[in-house]
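K.L.:
Numbering (our numbering), first residue to last: 1 to 84.
Idealized CB from N, CA, C, for every residue including glycine.
This structure is a prediction, so every number in the text was calculated from the model and none was measured.
Dumping the structure here so I can ask a few things about it.
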């Protein structure tokens with residue numbers, strides 16, 4: 001079953017999520033975030049930048065695992081509701 005959930009999660013990531021993020025608010029938030037990161041990084045030393053990148057990589061991994069867990073939970077709820 002885990003292989004099925006992984007395939008379904010990949011499909012949702014690649015084919016479905018994008019359309020929910022096609023909004024002016026999302027685009028504006030991404031642009032603002034990129035500008036703020038650029039400004040922030042310009043004040044860091046090379047070592048600080050490397051440490052920050054390592055921490056952000058760890059944070060991203062935790063975020064992916066959290067997203068996957070939320071997806072599996074939502075799918076489980078949907079299946080449960082379908083049985084009612």
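Would you give the residue range spanned by the alpha helix (DSSP H) that residue 59 belongs to?
P.N.:
Run containing residue 59: 46-82, per the alpha helix (DSSP H) assignment.
K.L.:
From residue 133 to residue 10, what distance separates their C-alpha atoms?
P.N.:
The structure shown has nothing for residue 133, since the chain only spans 1 to 84.
K.L.:
Can you give me the Cβ contacts of residue 68 inside the same chain, cut-off strictly under 7 Å, excluding the 5 residues immediately before and after it?
P.N.:
Around residue 68: 9.
K.L.:
Over the uninterrupted alpha helix (DSSP H) stretch that includes residue 15, give me the two end residues.
P.N.:
Looking at the DSSP string, residue 15 is not in any alpha helix (DSSP H), and its letter there is neither H nor E.
K.L.:
Locate the alpha helix (DSSP H) running through residue 33, then write down its first and last residues.
P.N.:
Looking at the DSSP string, the run of the alpha helix (DSSP H) that includes residue 33 is 24-41.
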